[in-house]
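**Student:** Residue numbering for the sequence shown follows our numbering, beginning at 9 and increasing consecutively. Glycine included, each C-beta is placed from N, C-alpha and C at the ideal position. None of the values given here were measured: they were computed from a predicted structure. Got a structure here, written out as structure tokens. Questions coming.
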Amino acid sequence: MKNTVIQSLRVDVQALLQLGQKTIQQIVDQKFLINTEFDEASAYQAIEVLRGEHIKLEELEMVLAVVGTMKAGKSTTINAIVGTEILPNRNAPMTAIPTLIKHTQGQKRPRFIFSEKASQPINQLVQDLKKAFKDKNYQQELERLKSDYDLYELVEKIQKGIKVVNRALDEHRVIKALQAINDLVRIAPKFGLVFPFDQYQEIDQLPVIEVEFAHLKETEENVGKLILLDTPGPNEAEQAHLRPLLQDQLKKASAVLAVMDYTQLKSEADAQVRDDLKAISNIAQDRVYALVNKFDNCDRNGIQESDVKEFVEGLTDGLIKKHNIYPVSARFAYLANRARHNCLEDGSLPDIEDAAWVEDFYQEAGLRRESHRTPERIAEGIEDLWGDSKFTQPLKEVIEVAHDKAALIALESALDKLANYTNQLNPVISAFDKSIYLENRESEKIVLDLQNDLTEIENILDRKENLVNDQWRNTIKSLREKHTRIFKKYMQVLRLIRQREDLNEILSTMTLVNKSTQILKKRLVDIA
9 MKNTVIQSLR VDVQALLQLG QKTIQQIVDQ KFLINTEFDE ASAYQAIEVL RGEHIKLEEL
69 EMVLAVVGTM KAGKSTTINA IVGTEILPNR NAPMTAIPTL IKHTQGQKRP RFIFSEKASQ
129 PINQLVQDLK KAFKDKNYQQ ELERLKSDYD LYELVEKIQK GIKVVNRALD EHRVIKALQA
189 INDLVRIAPK FGLVFPFDQY QEIDQLPVIE VEFAHLKETE ENVGKLILLD TPGPNEAEQA
249 HLRPLLQDQL KKASAVLAVM DYTQLKSEAD AQVRDDLKAI SNIAQDRVYA LVNKFDNCDR
309 NGIQESDVKE FVEGLTDGLI KKHNIYPVSA RFAYLANRAR HNCLEDGSLP DIEDAAWVED
369 FYQEAGLRRE SHRTPERIAE GIEDLWGDSK FTQPLKEVIE VAHDKAALIA LESALDKLAN
429 YTNQLNPVIS AFDKSIYLEN RESEKIVLDL QNDLTEIENI LDRKENLVND QWRNTIKSLR
489 EKHTRIFKKY MQVLRLIRQR EDLNEILSTM TLVNKSTQIL KKRLVDIA
């Protein structure tokens with residue numbers, strides 16, 4: 009019954025989103041946004057956002073954007089949430105374009121999907137790089153790249169005619185596919201080329217990783233879908249274009265999970281992320297959460313858990329409430345999770361030579377001595393490390409709730425975005441309405457002038473028999489001038505009439521959108 013109601017709501021919200029897009033386009037076409045703060049660029053961005061919401065609602069997808077600075081531990085956090093390593097984790101910047109991680113029940117092995125159409129701009133860059141590698145002007149740069157193993161490995165593949173991977177299965181292949189995309193960002197400027205960031209702004213253009221989240225495998229499938237969105241940090245590789253990309257994705261997300269570095273809470277980069285979060289406060293509502301990562305660095309002299317929550321709430325000017333702030337250790341959570349799901353039948357872990365993470369687990373779990381690595385001690389180490397990670401609470405209160413209520417959150421987020429744009433446009437349209445009212449008052453005077461001009465023309469024509477040639481020529485000239493003036497005035501009145509009609513239609517539609525949005529939001533509350 010509830011699913012039927014949700015599907016009915018989905019249809020209604022999608023129809024409203026389409027009406028919103030059409031209305032904003034009308035406002036642009038009628039030139040109502042000249043010299044206004046909400047300009048044409050803002051309008052086109054609004055249309056893009058609403059289009060994205062419409063696409064997400066096709067599958068009732070709730071997108072939880074994971075944001076944070078380069079060193080905050082975003083990738084480790086996502087790996088901990090998923091329960092396996094699906095995102096590369098190395099010192100180099102690793103998120104060039106946003107990547108979707110979709111919880112897919114039963115998909116044990118991560119699957120990477122990057123459609124042929126979506127990957128075309130990057131494949132064009134690959135072709136351009138292949139040509140640049142042959143340019144004699146870049147031979148010195150090519151030689152320098154040999155000292156960077158990761159980058160030069162990709163250079164050699166490009167020289168052999170490789171294309172960007174569209175499909176990949178298993179952790180290693182997925183990570184290699186993502187690394188290749190990210191390394192292209194670093195290689196391109198060295199050869200006078202630009203990575204096509206502008207082609208990767210809408211949700212249906214982004215690479216997708218489908219995988220079952222370990223902590224959700226026992227949960228029932230819902231009508232909605234939970235998707236994590238890995239976003240670029242604003243300070244990654246000092247790429248100036250990444251911050252606008254992050255800001256754009258924040259506006260499009262259903263909810264936000266901010267990953268903050270406990271050791272760098274007052275850093276400039278963290279401050280940028282906080283500012284970007286504050287910019288979406290009017291559409292985020294209570295859907296912004298914070299994981300204060302690296303809390304394992306807290307000693308008896310450090311800021312304690314309750315104080316951290318209060319401090320972060322203050323840093324974000326109350327945008328992130330204390331009950332939505334969680335001090336954690338993503339590294340501990342990831343290692344414990346990985347060990348739990350990779351234990352062999354006898355309770356031991358894979359050989360260190362086969363799985364590098366195993367040594368990290370032993371180090372953090374206090375099992376440095378090989379003699380201590382018994383199945384019992386390993387099981388105990390997993391539980392201790394998981395407990396120390398403090399990850400249980402955010403998994404239950406953020407991830408599990410997001411999964412359980414994905415459809416409702418997706419619908420609520422779409423309506424909030426639509427309401428936000430109509431609220432921004434209401435004063436613009438009201439101001440234009442007043443302007444047209446004043447012009448209509450002026451048009452009444454124009455009509456009166458037209459009547460006077462026509463009367464004068466009639467009088468001149470009545471006297472034409474009494475006029476000599478020179479007088480008649482002057483009269484004809486005067487008539488032409490009056491005719492031109494009358495035509496211009498007529499067109500002015502006609503323009504005002506049409507503007508009035510268009511504005512009335514837009515005002516009527518916006519009233520309908522506003523009322524319908526409120527009704528649908530109330531229906532969402534009733535079934536939540």
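Could you say which of K110, Y52, E56, I94 lies nearest to M70 if we only look at CA atoms?
**Tutor:** Residue K110 is the option with its Cα nearest to M70.
**Student:** With 16 as the cutoff for other CB atoms within 10 Å, does I527 come out buried or exposed?
**Tutor:** The residue in question, I527, is exposed, as its Cβ has fewer than 16 Cβ neighbours within 10 Å.
**Student:** Pull up the DSSP beta-bridge partners for G200, would you.
**Tutor:** According to DSSP, G200 bridges with nothing at all.
**Student:** Is the separation between the beta-carbon of L532 and that of E420 shorter than 8 Å?
**Tutor:** In contact: L532 and E420 (Cβ atoms closer than 8 Å).
**Student:** Could you spell out the range, first to last residue, of the alpha helix (DSSP H) harbouring L258?
**Tutor:** Residues 250-260.
**Student:** Suppose the cutoff is 7 Å on Cβ atoms and the five residues either side in sequence are ignored; what does the same chain contact list for R282 look like?
**Tutor:** Taken in chain order, the residues that qualify are L323, T324.
**Student:** In its own chain, which residues sit with a C-beta less than 8 Å from the C-beta of I121, not counting the 5 before and 5 after it?
**Tutor:** Closer than 8 Å at Cβ, skipping near neighbours: N174, R175, P215, V216, I217, E218.
**Student:** Could you name the residues of the same chain whose beta carbon sits closer than 8 Å to that of L153, not counting the 5 residues immediately before and after it, in chain order?
**Tutor:** Taken in chain order, the residues that qualify are L159, Y160, V163, I195, K198.
**Student:** Touch check for the segment 311-321 and the segment 357-368: three-plus C-beta pairs under 8 Å?
**Tutor:** Contact fails: fewer than three Cβ-Cβ distances are below 8 Å.
**Student:** Could you give the C-beta distance for I514 and I35, rounded to a whole number, given that I count them as a contact under 8 Å?
**Tutor:** So it is a contact: roughly 6 Å between Cβ atoms.
**Student:** Rounded to a whole number of angstroms, what is the C-alpha to C-alpha distance between S356 and R385?
**Tutor:** In a straight line, the C-alpha of S356 is about 10 Å away from that of R385.
**Student:** Pull up the DSSP beta-bridge partners for Y297, would you.
**Tutor:** Partner(s): L265.
**Student:** Beta-carbon within less than 6 Å of I291's beta-carbon, same chain only, minus the 5 sequence neighbours each way: which residues are those?
**Tutor:** Cβ within range, chain order: D424, K425, N428.
**Student:** Excluding sequence positions up to five away, which residues of its chain have a Cβ less than 6 Å from the Cβ of Q337?
**Tutor:** Sequence check: residue 337 is Ser here, not Gln. The residues are F303, D304, S397.
**Student:** Classify R381 as helix, strand or coil using the three-state DSSP reduction.
**Tutor:** The answer is coil: DSSP assigns R381 none of H, G, I, E or B.
**Student:** Closest by CA to Q33, which one among A23, L72, S50, Q22?
**Tutor:** If we check each option's Cα against that of Q33, S50 comes out closest.
**Student:** Residues bridged to L177 by DSSP?
**Tutor:** Answer is R119.
**Student:** Exposed or buried, G81, counting other C-beta atoms within 10 Å across all chains shown (16 or more means buried)?
**Tutor:** Looking at its Cβ environment, which holds 16 or more other Cβ atoms inside 10 Å, G81 is buried.
**Student:** What are the boundary residues of the beta strand (DSSP E) that T85 is part of?
**Tutor:** Premise fails: T85 lies in the alpha helix (DSSP H), 82-90, not in any beta strand (DSSP E).
**Student:** For a quick check, are the C-beta atoms of V300 and V316 less than 8 Å apart?
**Tutor:** Yes, they are a contact pair.
**Student:** What does V5 pair with, by DSSP beta-bridge criteria?
**Tutor:** This structure does not reach residue 5, given that the chain is present from 9 up to 536, and the question cannot be answered.
**Student:** Does the pairing of the segment 332-351 with the segment 86-93 give three or more beta-carbon distances under 8 Å?
**Tutor:** Flag = yes, the segment 332-351 and the segment 86-93 touch.
**Student:** Measuring only the C-alpha atoms, how far is Q213 from A126?
**Tutor:** Approximately 5 Å between the Cα atoms of the pair.
**Student:** If you draw a straight line from the C-alpha of H411 to the C-alpha of T400, how long is it?
**Tutor:** Spanning the two alpha carbons is a distance of roughly 15 Å.
**Student:** Pull up the distance between the alpha-carbon of F203 and that of N190, whole angstroms please.
**Tutor:** When rounded, the distance between both Cα atoms is 10 Å.
**Student:** Measure the C-alpha to C-alpha separation of S438 and L511 and round it to an integer number of angstroms.
**Tutor:** Computed Cα separation, rounded: 10 Å.
**Student:** For Y334 versus P383, is the C-beta spacing smaller than 8 Å?
**Tutor:** Cβ atoms of Y334 and P383: not closer than 8 Å.
**Student:** Judging by CA-CA distance, which residue of L273, A263, L236, D278 is the nearest neighbour of R251?
**Tutor:** Comparing Cα positions, the closest option is D278.
**Student:** Spatial neighbours of Q132 within its chain, please: C-beta separation below 8 Å, excluding the five flanking residues on both sides.
**Tutor:** If we look at Q132 and ignore the five residues flanking it on each side, its Cβ neighbours are P204.
**Student:** Between V193 and A104, what straight-line distance do the alpha-carbon atoms span, to the nearest angstrom?
**Tutor:** Roughly 7 Å separates the two Cα atoms.
**Student:** Suppose contacts are defined by Cβ-Cβ distances below 8 Å. Is L393 in contact with E372 by that definition?
**Tutor:** Result yes, Cβ atoms of L393 and E372 sit closer than 8 Å.
**Student:** Here's a check: name, in chain order, each residue in its chain whose Cβ is nearer than 7 Å to the Cβ of Q26, leaving out the five neighbours to either side.
**Tutor:** Answer for Q26: H62, listed in chain order.
**Student:** Where do the ends of the beta strand (DSSP E) carrying Y334 lie?
**Tutor:** Unbroken beta strand (DSSP E) run through Y334: 333-335.
**Student:** Kindly indicate which residue of L433, N431, L520, L416 has the alpha-carbon position closest to the one of R18.
**Tutor:** For the residues L433, N431, L520, L416, the minimum Cα distance to R18 belongs to L416.
**Student:** To which residues does DSSP link I514 through a beta bridge?
**Tutor:** Per DSSP, none; premise fails for I514.
**Student:** What does the Cβ neighbour count give for E246, buried or exposed, with the cut at 16 atoms within 10 Å?
**Tutor:** Because E246 sits at a pLDDT of 48, beneath the cut-off of 50, its placement in the model cannot be relied upon, and the following sentence gives the value as read from the coordinates. Exposed.
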